[in-house]
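S.K.:
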Amino acid sequence: SKVEMLENILYAPLQLPSGLSASAESLLQGLLERDVSKRLGQDLDVEELKDHPFFAFINWDDLVARKVKPPFVPQVTGPSDVSYIDPEFTRLPVPAFVNERAEDARAREAFLGFSFTKPAEYLAAEPIS
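Those letters in the sequence shown? Residues 1 to 129, by UniProt numbering.
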């Protein structure tokens, strides 16, 4: 049930899969720490994450410069190819704003909270000549 799931998230001990490396386990425990003040990254932001032993092999400068070859590059046929995405997600309805053009979104946001509706009598009135 949803209540049971929420209680587990809030109170149950964290259960990680077996076979994780010590650094992977430490990373997950740090990121999933319930106490925000003790959570990994709380003190030094991203630098604390980058310095974690799990990421020891990463050359961050090369990564930012895009010199690092990705371990896996999906072979897709185009921007709408979702063959690597689980059907659990591709079957979900797409929210209308996803396909909205950026210009339309900016125009809509400019009038947030605007509630004026032109009275019907003005719509039916004869134009003034």
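Ideal placement from N, C-alpha and C gives every residue a C-beta, glycine not left out.
(1) Specify the secondary structure class of E48 as computed by DSSP and reduced to three states.
(2) When you compare the region 23–34 with the region 44–55, are there three or more beta-carbon pairs, one atom per stretch, that lie closer than 8 Å?
(3) Out of curiosity, what's the CA-to-CA distance linking D62 and Q75?
(4) Under a three-way DSSP split, which group does E33 fall into?
(5) Can the beta-carbon of L27 be found closer than 8 Å to that of R39?
(6) When the Cα of L6 is compared with those of R34, S18, Q29, which residue comes out closest?
(7) Straight-line CA distance for P87 to P93?
(8) Which value, in whole angstroms, describes the spacing of the CA atoms of D43 and S115?
(9) With a CB to CB cut of under 6 Å and the five nearest residues on each side skipped, what residues in its chain are close to L81?
(10) What is the rounded straight-line gap between the Cα of K2 and the Cα of V73?
(11) Within its chain, find whatever has a CB closer than 8 Å to the CB of L49; leave out the 5 residues flanking it on each side and keep chain order.
M.R.: Here's the rundown:
(1) Under the three-state reduction of DSSP output, E48 falls in the helix class.
(2) yes
(3) 24 Å
(4) coil
(5) no
(6) R34
(7) Their Cα atoms are separated by approximately 12 Å.
(8) 44 Å
(9) Position check: residue 81 holds Asp in this sequence, whereas Leu was assumed. Excluding positions up to five away in sequence, the list is empty.
(10) 36 Å
(11) If we look at L49 and ignore the five residues flanking it on each side, its Cβ neighbours are L40, G41, F55.
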